[in-house]
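One line per chain: the protein sequences are A and B, in this order. According to the numbering used here, the first sequence is numbered sequentially starting from 1. According to the numbering used here, the second sequence is numbered sequentially starting from 223.
2 protein chains.
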Amino acid sequence: MRILYHHWLYPGARLARLVLGEKGLDVSLRPVTPWVRDEAFLALNPAGEVPVLVEPTGAVVAGATAVCEYLDEVHADPPLLGTDALARAEVRRLVCWFGEVFRRDVTEPLACEKLLNRVMGGGAPDSRALRAGRTNIHMHLEYIAWLTQSNRFLTGPRPTLADLMAGAHLSLVDYAGDVPWDDHPAAKEWYMLLKCRPCFRPLLTDHEPGLRPAPQYADLDF
Amino acid sequence: MRILYHHWLYPGARLARLVLGEKGLDVSLRPVTPWVRDEAFLALNPAGEVPVLVEPTGAVVAGATAVCEYLDEVHADPPLLGTDALARAEVRRLVCWFGEVFRRDVTEPLACEKLLNRVMGGGAPDSRALRAGRTNIHMHLEYIAWLTQSNRFLTGPRPTLADLMAGAHLSLVDYAGDVPWDDHPAAKEWYMLLKCRPCFRPLLTDHEPGLRPAPQYADLDF
């Protein structure tokens, strides 16, 4: 059986779960705690980061980029990067946009402050970070609306790795209850399409004892 | 003519230059200043980051990952990612290792503090950061030595994107004069092989007025 080492609060690991779901691949999920030193896990990935995929052959693929590109190469259907080189470049640009810019502007000041920090035993969220995140998210939801104005998904009629990366991040902010969906109907419509996909279902059951998701988190008709 | 928007102190832009060089592709370099807001450049890449590649057709590819993967897809010779899916996954894991872990541990506390901070008009380097970087670099040079103990390069007999990414970062730290080469002969041997490649030559002429490179920076026999 294929194994994925993951943590539900890490966007890269959520992305890998979405990719496995889109490809229809069975996987056994093994939760790890990336911020606690674990020699056995470091032997799989010296960077100590999730996700790590272990194939039934024992082959190890470490890190979100490597795991997702690998799965798309080995299980080509459905293609998640696009079919020509420029389309693939645009998907990869957007994957980096959500993985770097959205992460810095929104995921870290909101989801990391409110969820990860608490799970790690940190103190109360930094109110300045929360304020910054709640301001920044509007620009990002407008950008999603702009990208989807002539397409159902971010780069075309079908979801790509860019949509899944955006969904991996936004779903955490949504768990924290900090997505102003009603102000951004076009972004909401895009997220509803994504959230209805079977690959999303397992993420919607994620929870941590004592850290309940916002009411709309698992609601497909929010 | 192909155009690359870049800044010599940004490792991702250095990586793109190395990839163009390995592929033997002509390019016109356009320096930009990523920390100064520039609407024309933001229209090419909303993230405001270098590198950005503009093809002779006018097609735009933005961001280091997108540019390098695109160039490797469109100009397959020599292949810089490897020939089978698991080999490519290992190259991509190492690209992320140098782009994230090495960057955080070494490039930021040393090269960014001493070079980028000065070019941006910042104050004196933070001595705690410098101390941390000078401690951290030993582990990274040992890791390079370990990876190359049965290969000339990081993953095999030929350089891949992983070697070029490592070289893009290390060359900046070397410019700052902070690589303890004499303590790490195996890593030094690997870097000498890389530095002798024609793709490296243009990087070795990089300089900023008033910010001279360390004496060994451009020396192939250091």
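C-beta: ideal position from N, C-alpha, C; glycine also.
Legend entry - Run of the beta strand (DSSP E) containing A62 (chain A), from where it starts to where it stops: 60-62
Inset, instruction - Take every Cβ of the segment 319-339 of chain B, pair it with every Cβ of the segment 76-83 of chain A, and state whether three or more of those distances are shorter than 8 Å. - result: no
Legend entry - Rounded straight-line distance, which links the Cα of D182 (chain A) to that of A288 (chain B): 33 Å
Inset, instruction - Just the chain B side, please: which residues come within less than 9 Å of Y70 (chain A) by C-beta, in chain order? - result: A307, L308, R310, A311, R314
Inset, instruction - Check whether the Cβ of W181 (chain A) lies closer than 8 Å to any Cβ atom in chain B. - result: no
Inset, instruction - Give a yes or no on whether the minimum CB-CB distance between A388 (chain B) and chain A is below 8 Å. - result: no
Legend entry - Buried or exposed by the 16-neighbour rule on C-beta atoms within 10 Å, applied to G121 (chain A): exposed
Legend entry - H391 (chain B) - DSSP class collapsed to helix/strand/coil: helix
Legend entry - Where S171 (chain A) falls, given that 16 or more other Cβ within 10 Å makes a residue buried: buried
Inset, instruction - Measuring only between beta-carbons, confirm whether A35 (chain A) sits less than 8 Å from chain B. - result: Sequence check: residue 35 (chain A) is Trp here, not Ala. It does not: the Cβ of W35 (chain A) has no partner Cβ on chain B nearer than 8 Å.
Legend entry - Three-state secondary structure (DSSP) of P331 (chain B): helix
Inset, instruction - Evaluate M139 (chain A) with the Cβ neighbour count: other Cβ atoms within 10 Å of its Cβ, from every protein chain shown; 16 or more gives buried, anything less gives exposed. - result: exposed
Inset, instruction - Check each residue of the segment 52-69 of chain A: if its Cβ is closer than 7 Å to any Cβ of chain B, include it; give the result in chain order. - result: A59, V61, A62, G63, T65, A66, E69
Inset, instruction - Can you have a look at M165 (chain A) and say buried or exposed, based on whether 16 or more other CB atoms are within 10 angstroms of its CB? - result: buried
Inset, instruction - Answer with yes or no whether the minimum CB distance from R262 (chain B) to chain A is below 8 Å. - result: Note on residue identity: the sequence assigns Ala, not Arg, to residue 262 (chain B). For A262 (chain B), the answer is no, since every Cβ of chain A falls outside 8 Å of its Cβ.
Inset, instruction - Look up S28 (chain A) in the DSSP assignment and give the residues it is bridged to. - result: A:I3
Legend entry - Delimiting residues of the beta strand (DSSP E) encompassing L275 (chain B): 274-276
Legend entry - Cβ of C334 (chain B) within 8 Å of any chain A Cβ: no
Inset, instruction - From the DSSP output, in three-state form, read off L154 (chain A) for me. - result: coil
Legend entry - Test item: CB-CB of R252 (chain B) and L231 (chain B) under 8 Å: no
Inset, instruction - Closer than 8 Å by beta-carbon distance: list the chain A residues that pair up with E445 (chain B), in chain order. - result: No statement about residue 445 (chain B) is possible, as the shown extent of chain B runs from 223 to 444 and does not include it.
Inset, instruction - Using a Cβ-Cβ cut-off of 8 Å, state whether A47 (chain A) counts as contacting chain B. - result: yes
Inset, instruction - Measure the alpha-carbon distance for R131 (chain A) versus A124 (chain A) and round it to whole angstroms. - result: 14 Å
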